[in-house]
Amino acid sequence: MDLSQAECVIKSLIREIAQECADRGHSISETLGAFMVKAVVLDPRYEFNVDRRLTKTDVHKLIMVCVDRLLETERPSLDTIKMQIYFDMNYTSREEFLAEHRSVLESRLAPVRREVTDCRARTREELECLYRKVVSYVLLHSGLGSPTDIRVVREATAALQSVFPQTELGTFLALTKKDKERQLNELSLIVSGIRLFNKNCKKGGEGIDDLPAILNEALPATKQNIKSELQPTQQLVYHYTAIIERLEKSRQQCYETDGLHDKLKEALYNVRQHEVFLCIILTEIITCDKQVEMLQEQLNKRMDELNTVVKSKATVPTAQVYPHFIYLSNLWSSLQDEMVLLSVFSNLINNLDPYLGTHSQLFPDGVIGPLLEGVDVKTDEERLNKASEDEINPIDFMNREWIFPEDTLLYHQLTMQYRGFCAYTLGARHGLLLRGNPNIGILKYQEKYYTFSSKEAATAFAQKPDYYITQATEEAKHFPELIQLLELHQQFTSVAPYAQANLRQKVTRYMQTTLSHMRRDNATQVYLPKNRAVQTKRDNSCNVPKPQVFYAGLRGGNVTEPTRVNKFNLTRAVDET
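The numbering of the sequence shown is this note's numbering, which starts it at -3 and goes up by one.
Here it is as structure tokens:
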């Protein structure tokens, strides 16, 4: 089967799954359907062989299994996968967030800018209209007030006239389009800087929000909100972990409550994933806080310098003040960026809550209470503090490389496998997630770094690392949400992060190595270009007479006789063509 056929088959499967879910009253996204297909195929319980072509029976079974799992609304596993898809589709780096935001602003500004740069004003009325458009562009570009507020427009117009009077429009119109755009942006920065300086001097600033004050109030509130969200989530983490450990103490009891055991693990993965996402957002908010503090210091310093320059002076050379105004405008724009990021992260926090709804249904207080009786519930911090007393002795493992936090300056740049969870308990204790403690020792194995929850766990893993790594991979086949939670995409190359599901804007790179040249061929889904045709208009034609003219006598006659030229029209009549 070639790539185009494979793509059609996969798309057909996803459509059938989505349609079947819709018929049963549930709507699913293409991304969720695609991931569930891969998850079911990977799960050994369903016995799908990826190395052979699926029969019609296999396809029907695959569709039904996927539909059944997608309709298990009371399983935390499905909520975790949905949470992962939502987060990966809506979260990216600060730089990409801001680049997308600026792209949106640019698309909104482009029509206004074109009206200015393409204008061919000649009359007085047309020049006045052009000047008003320049003022509107300055306001829209800066975001300092509404261009429909007359007081804001008057203040911006006065600031613009001080650096670009209307009499200079003639010179502006003579510029090339590129130079016009450059001057517009420069004028916007200067005018914005003037208005910000006037606001600081209590002489203007109409319609300009006090961003530093707003951010100083919003950032601590957002951090507190995240911590408030984290507290119940982490409490559930500690409860589920304690109950699972209790069930593990008695093998017979564990087998008798196998369904409960799996549901508890799914619930644990759900709240662990929520905890991870909240911690990621909290880190971003802390970065925002530091960035705002730095920007405010620079803003205050620049205001003081500008006050010194213009103090008690009737006129100041533009070469001295314009750079200050431009710098002020850029600093304010950076504060606006932090405000945008804060809004995005706040929305992310709120939109994660719906994916936690199954806990109260599966494990209400009446169910969870008896399970916790007589159980010693430990927090992650308590476990880490207890384990910190033991440390691996590298001499006991001559063929293993151990790293300790105090040994390397690059410790904080190391990427821990399984997102820092204990590599031993994950494989040996059926997917139990316990935080690894770097102080015990970090094992470097095959260029990857592993942490452990205890010295005993580190010792056992170091003796048979390949075995426990394989066991962890097998656990992820049964619980596909672990692939994203523990960042196992390298072990499951067919399951890419959800945000990379759209291959249209991705570049594929590959290389052959001495370890890979004998492996079987793998196929991946691609989007092939489609041949499409569009009818624009009908082509009609008609025959018309072709003009034909003959001139006789051009060679002349006798020497004594004048030359006589006769013109004969040989063009046929229309009805003869």
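C-beta: ideal position from N, C-alpha, C; glycine also.
Option in the options with minimal Cα separation from residue i
i	options	result
serine 188	Leu324, Thr283, Ala383 and Asp54	Leu324
phenylalanine 359	Asn346, Pro319, Ser138 and Glu70	Glu70
leucine 256	Arg242, Arg268 and Gln269	Arg242
valine 371	Pro143, Leu295 and Thr237	Thr237
valine 134	Thr88, Arg191, Lys174 and Arg98	Arg191
threonine 567	Val561, Val545 and Cys197	Val545
leucine 183	Ser158, Arg120, Gly427 and Thr411	Ser158
isoleucine 210	Glu289, Phe193 and Leu165	Glu289
asparagine 303	Glu280, Glu293, Asn212 and Phe193	Phe193
proline 178	Ile222, Arg110 and Asn565	Before going further, note that residue 178 is arginine rather than proline in the sequence given. Selected option, being the one with the closest Cα: Arg110.
glutamate 293	Thr311, Ile277 and Leu331	Leu331
glutamate 582	Glu280, Leu50 and Arg120	A query on residue 582 cannot be resolved here, the shown segment of the chain reaching from -3 to 573 and no further.
arginine 65	Val5, Phe31 and Phe400	Phe31
proline 107	Ser132, Phe93 and Ser89	Ser132
glutamine 287	Leu405, His235 and Trp328	Trp328
isoleucine 10	Asp19, Ala155 and Ser25	Ser25
aspartate 19	Thr51, Met299 and Leu67	Leu67
asparagine 395	Val373, Leu439 and Cys284	Leu439
aspartate 376	Ile276, Asn565, Tyr234 and Phe457	Tyr234
lysine 577	Lys374, Tyr42, Val55 and Pro40	Because the chain spans -3 through 573 in this model, residue 577 falls outside it and cannot be assessed.
isoleucine 222	Cys17, Ser342 and Glu369	Ser342
proline 72	Lys57, Gln357, Tyr42 and Tyr127	Gln357
glycine 29	His97, Pro40, Glu271 and Glu12	Glu12
phenylalanine 83	Arg147, Asn347 and Ala468	Asn347
glycine 201	Phe400, Lys219 and Ser138	Ser138
Residue i classed as buried or exposed, judged by whether at least 16 other C-beta atoms fall within 10 angstroms
i	result
proline 461	buried
leucine 499	Any reading at leucine 499 needs caution, since the residue's pLDDT is 34, under 50, leaving its predicted position unreliable; the model's value is listed next. Classification for leucine 499: exposed.
glutamine 486	exposed
phenylalanine 321	buried
leucine 338	buried
proline 476	buried
glycine 437	buried
lysine 174	exposed
cysteine 17	buried
cysteine 275	exposed
beta-carbon residue i near the ligand GTP non-hydrogen atom, thresh 8 angstroms
i	result
arginine 109	By its list of ligands, the structure shown contains no ligand whatsoever, and the ligand GTP lies outside what it can speak to.
Residue range of the alpha helix (DSSP H) that includes residue i
i	result
asparagine 86	72 to 86
proline 107	90 to 113
leucine 478	477 to 481
phenylalanine 31	26 to 38
threonine 69	Neither: threonine 69 is in no alpha helix (DSSP H) and is coded neither H nor E.
valine 312	No alpha helix (DSSP H) holds valine 312; DSSP gives it neither H nor E.
glutamine 357	354 to 358
histidine 137	120 to 138
threonine 153	146 to 159
Delimiting residues of the beta strand (DSSP E) encompassing residue i
i	result
tyrosine 463	Unbroken run through tyrosine 463 is the alpha helix (DSSP H), 461 to 474; no beta strand (DSSP E).
valine 545	545 to 548
proline 438	Checking the sequence, you will find isoleucine at residue 438 rather than proline. 438 to 441 is the span of the beta strand (DSSP E), which, as asked, contains isoleucine 438.
lysine 444	444 to 446
phenylalanine 564	562 to 565
Q.
Report the start-end ranges of each alpha helix (DSSP H) in the region 213 to 282 that is 4 residues or longer and not cut off at the edges.
A. List check, alpha helix (DSSP H) in window: 247 to 252.
Q) When the Cβ atoms of the region 59 to 66 are set against those of the region 32 to 50, are three or more pairs found closer than 8 angstroms? A) Because the criterion of three Cβ pairs below 8 angstroms is met, the region 59 to 66 and the region 32 to 50 touch.
Q) Considering only residues of the region 361 to 425, which uninterrupted beta strand (DSSP E) runs meet the minimum length of 3 residues and lie entirely inside it, listed in chain order? A) Taken in chain order, the complete beta strand (DSSP E) segments of 3 or more residues contained in the region 361 to 425 are 397 to 399.
Q: May I have a chain-ordered list of the alpha helix (DSSP H) segments no shorter than 4 residues that lie completely inside the region 161 to 203?
A: Segments of the alpha helix (DSSP H) lying fully in the region 161 to 203: 165 to 169 and 173 to 196.
Q) Using 8 angstroms as the Cβ pair cut-off and three pairs as the minimum, do the region 385 to 396 and the region 444 to 460 touch? A) The region 444 to 460 and the region 385 to 396 touch, with three or more beta-carbon pairs separated by less than 8 angstroms.
Q. Taking three-plus beta-carbon pairs below 8 angstroms as touching, is the region 127 to 143 in contact with the region 78 to 86?
A. Cβ pair count under 8 angstroms is below three, so no.
Q.
With a threshold of 8 angstroms, are at least 3 pairs of Cβ atoms found where one atom belongs to the region 258 to 270 and the other to the region 224 to 237?
A. The region 258 to 270 makes contact with the region 224 to 237: 3 or more CB pairs, one atom from each, lie closer than 8 angstroms.
Q.
Could you check whether the region 368 to 382 touches the region 400 to 416, counting it as contact only if at least three pairs of C-beta atoms, one from each stretch, sit closer than 8 angstroms?
A. Counting Cβ pairs under 8 angstroms, fewer than three are found: no touch.
Q) Should the region 345 to 359 be regarded as contacting the region 99 to 118, the criterion being three or more beta carbon pairs within less than 8 angstroms? A) With a cut-off of 8 angstroms on Cβ pairs, the region 345 to 359 is not in contact with the region 99 to 118, counting fewer than three such pairs.
Q: Decide yes or no for the touch test of the region 153 to 167 against the region 202 to 217: beta carbon pairs closer than 8 angstroms, at least 3 of them.
A: The region 202 to 217 and the region 153 to 167 do not touch, with fewer than three beta-carbon pairs separated by less than 8 angstroms.
Q) Can you list the beta strand (DSSP E) stretches of 3 or more residues lying completely in the region 284 to 353, in chain order? A) Every candidate beta strand (DSSP E) stretch fails here, since none sits fully inside the region 284 to 353 while reaching 3 residues.
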